[in-house]
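Position 182, counted from 1, in the sequence shown is what my numbering calls 164; the numbers after and before it change by one each time, with no gaps.
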Amino acid sequence: MSRKPLIVGLGGTIRAGSSTEKALVCALRHAEGLGAETRLLGGEFLGGLPIFDPRPGDSTAGQIELAEAIRSADGVIVASPGYHGSISGVIKNALDTLELTRSDPSPYLTAKPVGTIITADGWQAAGTTLMALRAIIHALRGWPTPFGAALNAGTGLFDEAGDCKDQKDAWQLATVAEQVVEFAQMKARR
Ligand SMILES: Cc1cc2nc3c(=O)[nH]c(=O)nc-3n(C[C@H](O)[C@H](O)[C@H](O)COP(=O)(O)O)c2cc1C
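Written as structure tokens, this is what we have:
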């Protein structure tokens, strides 16, 4: 690949200090260490998007920014909290907004590697949310990476510097980043 792959991170919650967004930032930092460029569309940005309306009409600047970021991405990492056993409304709305790319030559997440990160207060929701997110990525024609990170946020995951307290969590986030960057580079070599 003659240029750096661009990895777009989509995720977090609208809560200040969101652990989901911190996890996403850790994964993006790791991707940068592997030679990628990254762009974060975090909880505050995603929470400001209007509820996606499928009727014809003008898009907001935020909706256009999201669609453009995904179009230009070589890989994507989506990070969602487990809310009542599935992904949050904010993340689902952002993914629904990709309907704006429906008529593109490569709509939605076509042919892009998509890493997944889930935070939840328990393992049960982490598992069901991961499965739900992967099903949505398949529907959007993306390639979920083989490994998906599942973090138990009930225990306080990050230190003051935003690094994982537990090495196993650091490994999970690094693995997601590695798989997305590797797939993006593999695809560029074809
Ligand atoms: C509306 C709502 C629903 C939730 N539902 C679940 C759940 O079903 N299972 C679970 O383990 N945690 C649940 N949680 C806890 C969140 O998944 C957890 O706190 C998450 O890590 C919050 O992410 P944040 O720190 O990025 O805000 C819920 C939290 C909220 C606010």
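Glycine included, each C-beta is placed from N, C-alpha and C at the ideal position.
Set against 8 Å, the gap from the CB of residue 120 to the closest heavy atom of ligand 1 is not smaller.
Closest in alpha carbon position to residue 167, among 93, 150 and 144, is 93.
Residue environment: residue 69 is assigned as buried (16 or more neighbouring CB atoms within 10 Å of its CB, all protein chains considered). Taking 8 Å as the cut-off, one finds at least one heavy atom of ligand 1 near enough to the beta carbon of residue 106.
If the five residues before and after residue 162 are omitted, its C-beta is found closer than 7 Å to the C-beta atoms of -11, 13, 57, 59, 95, 97 and 127, all from its own chain and listed in chain order. Closer than 8 Å to some heavy atom of ligand 1: that describes the Cβ of residue 65. The shortest CA-to-CA distance from residue 67 to any of 106, 81 and 78 is the one to 106. Between residue 102 and residue 108, the beta carbon gap of about 4 Å places them in contact (Cβ cut-off 8 Å). Note that the C-beta distance between residue 51 and residue 6 is not below 9 Å. Nearest to residue 38 by C-alpha distance, out of 84, 149, 145 and 18, is 84. With contacts defined as CB atoms closer than 9 Å, residue 9 and residue 99 qualify as a contacting pair. The shortest C-alpha to C-alpha distance from residue 118 to any of 136, 81 and 24 is the one to 81. Ligand 1 approaches residue 103 closely enough that one of its heavy atoms is under 8 Å from the residue's Cβ.
At a threshold of 8 Å, residue 131 does not count as near ligand 1, since its beta carbon sits no closer than that to any of the ligand's heavy atoms. For ligand 1, no non-hydrogen atom lies closer than 8 Å to the CB of residue 26. Approximately 7 Å separates the beta-carbon atoms of residue 53 and residue 86; this is inside 8 Å, confirming the contact.
Rounded to the nearest whole angstrom, the CA to CA distance from residue 139 to residue 32 is 30 Å. In this structure, residue 3 lies near residue -7, with their beta-carbon atoms less than 9 Å apart. Contact between residue 112 and residue 76 fails: their C-beta atoms lie close to 17 Å from each other, not under 8 Å.
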